[in-house]
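Worksheet: one structure, shown below.
Numbering (the UniProt record's numbering), first residue to last: 1 to 492.
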């Protein structure tokens with residue numbers, strides 16, 4: 001499958017650079033140069049080596065609220081926050097102001113030469129979440145192609161604000177993109193010897209190129225089950241969240257031996273070597289891929305569709321092992337919608353198994369992220385309530401800007417959070433903020449019912465007490481409603 005790649009923000013730019021490196025190393029023409037990188041600060045481009053200068057696009061460089069490197073010369077560490085400084089709403093504003101610049105850059109991409117587009121971004125950043133949402137809307141309006149999103153999730157050690165931003169991004173991207181590939185940074189770095197993001201980016205690039213680049217390499221070998229872009233599209237067209245599993249096995253270098261060399265020198269037939277792998281080896285490789293660390297850890301039994309790709313020397317790709325691998329995945333996932341393809345690489349020195357699981361649910365990482373976002377929002381609501389005149393005391397969890405970037409125009413600046421409609425299709429996810437809102441309403445209704453019951457049981461007051469009691473009841477009801485509205489988190 002040919003992909004147009006769009007890196008957004010620091011993380012997105014670095015991952016796209018690694019993808020281009022993997023494309024070159026594996027000789028798989030995945031993009032054919034259809035690449036762009038967008039950022040609100042030019043600093044990230046200094047670390048890239050595969051993205052041409054003309055395809056590095058700086059957005060918001062004249063916006064008054066965007067921090068430039070020269071403005072932060074005296075700051076370092078956490079105080080040095082370039083670009084939109086983690087503010088997704090500013091990211092949306094900057095992107096909207098610079099839409100003409102974005103559209104001019106998109107002219108460099110030939111969408112007639114690709115099968116799909118992919119936005120790559122860090123979901124916890126203001127540029128990745130904000131600018132990424134505007135770019136997704138723009139691509140959806142001009143491309144008649146599937147549009148996928150690869151988003152890097154923040155770790156638990158990163159700030160609650162970044163978790164809150166990432167939760168907003170998930171809520172925005174999932175209903176709008178054809179599929180979203182979240183990257184569970186937490187689980188990957190937990191097993192690493194150090195917080196090596198370069199190693200993580202290389203692992204991501206390896207999996208994506210093995211999946212989307214399968215079949216794009218020029219080879220004379222004939223595939224028995226040739227991969228087709230439609231196989232990937234069909235697997236992903238159910239939408240939702242997708243994840244990738246990967247495993248590989250190195251083949252031993254076997255010396256030719258004097259007898260085989262002699263026959264070759266004499267022009268005699270040289271018998272084919274016996275394959276190093278058999279059906280059991282292939283099945284075990286597929287098993288390892290299914291049990292491997294996925295790009296997003298999840299319950300694989302929740303997957304709607306599965307795609308298996310085997311790559312390696314043709315004689316090592318056992319057809320029987322291929323079928324047993326498919327049966328294995330059918331048993332592990334509980335779905336019969338399993339597509340498969342092979343990628344013959346005659347000069348290859350390893351066999352790889354890549355598994356794509358689409359529309360997965362049962363994702364603990366997403367649930368944890370949502371809980372952190374809701375708690376952060378509640379804290380901000382409490383700050384806002386304690387000092388309503390101090391606008392800097394709270395961060396409003398309003399998705400109006402992001403929803404506008406997604407094509408959901410609000411009717412006015414004073415539209416309340418309760419009037420905003422969340423995406424209708426959440427692909428099976430019970431988002432925590434919605435659950436808490438429902439629970440708050442249920443508690444309020446329960447208290448109201450209890451109050452009514454108690455009122456019915458009380459004796460009728462004397463005429464002289466009626467007015468005072470009615471006034472007290474009205475004040476009590478008003479206070480209860482105000483409290484419920486105040487504590488109810490705004491929907492993302």
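From the three backbone atoms N, C-alpha and C, an ideal C-beta is built for every residue, glycine too.
About 7 Å separates the CB atoms of residue 8 and residue 120; that is less than 8 Å, so the two are in contact. It is roughly 11 Å from the alpha-carbon of residue 379 to the alpha-carbon of residue 386. Every beta strand (DSSP E) stretch that sits fully inside the region 9-50 and reaches 3 residues is listed by chain position as 35-39. The region 295-312 and the region 328-336 touch, with three or more beta-carbon pairs separated by less than 8 Å. Residue nearest to residue 32 within the set 162, 363, 217 is 217 (criterion: CA-CA distance). In this structure, DSSP gives residue 313 a state outside helix and strand, which the three-state scheme calls coil. Leaving aside the five residues that flank residue 328 on each side, the residues in its chain whose CB is nearer than 8 Å to its CB run, in chain order, 283, 286, 287, 290. For residue 148, the beta-bridge partners assigned by DSSP are 118, 179. Taking a cut-off of 8 Å for Cβ pairs, the region 139-148 and the region 104-114 touch, as three or more such pairs fall below it.
The residue among 30, 179, 20 with its C-alpha nearest the C-alpha of residue 215 is 30. In this structure residue 27 is not in contact with residue 223, their Cβ atoms being roughly 16 Å apart against a cut-off of 8 Å.
DSSP, read as helix, strand or coil, puts residue 226 in strand. Secondary-structure assignment with DSSP links residue 173 through no beta bridge to anything. Inclusion of residue 18 and residue 205 in the CB contact set at 7 Å is warranted, their separation being smaller than that value. Excluding residues up to 5 positions away in sequence, 293, 297, 365 lie with their Cβ nearer than 8 Å to the Cβ of residue 187 in the same chain. Pairing residue 118 with residue 157, the inter-Cα distance amounts to about 28 Å. A direct Cα-Cα distance of roughly 22 Å separates residue 384 from residue 126.
Annotation for residue 106: the continuous alpha helix (DSSP H) segment containing it runs 99-106. Here the alpha carbon of residue 226 sits roughly 45 Å from the alpha carbon of residue 97.
If you check the CB distance, residue 356 and residue 244 come in under 7 Å. The alpha-carbon separation between residue 239 and residue 359 amounts to approximately 6 Å. Rounded to the nearest whole angstrom, the CA to CA distance from residue 230 to residue 12 is 26 Å. Contact annotation, residue 368 with residue 181: C-beta distance approximately 18 Å; criterion of less than 8 Å not satisfied.
Shown here for residue 2: same chain residues with a beta carbon closer than 6 Å to its own, the five before and five after excluded, namely 114, 115 in chain order. Around the beta carbon of residue 25, fewer than 16 other beta carbons lie within 10 angstroms, which makes this residue exposed.
Of the residues 339, 312, 164, 178, the one whose Cα lies closest to the Cα of residue 351 is 312.
Counting only runs of at least 3 residues, the region 313-346 fully encloses the following beta strand (DSSP E) elements, listed from N- to C-terminal order: 338-344.
Taking 7 Å as the cut-off, the beta carbon of residue 37 is found no closer than this to the beta carbon of residue 59. Within a 10 Å sphere around the beta-carbon of residue 265 sit fewer than 16 other beta-carbons, which makes this residue exposed. Residue 251 sits in coil when the DSSP states are folded into three classes, being neither helix nor strand. Across the structure, residue 150 and residue 330 are spaced so that their CA atoms are roughly 26 Å apart. Exclusion of the five residues before and after residue 68 leaves no residue of its chain whose Cβ lies closer than 6 Å to its Cβ.
Between residue 147 and residue 178, the C-beta spacing is below 7 Å. Rounded to whole angstroms, the Cβ separation of residue 307 and residue 232 is 7 Å, and the two are in contact under 8 Å.
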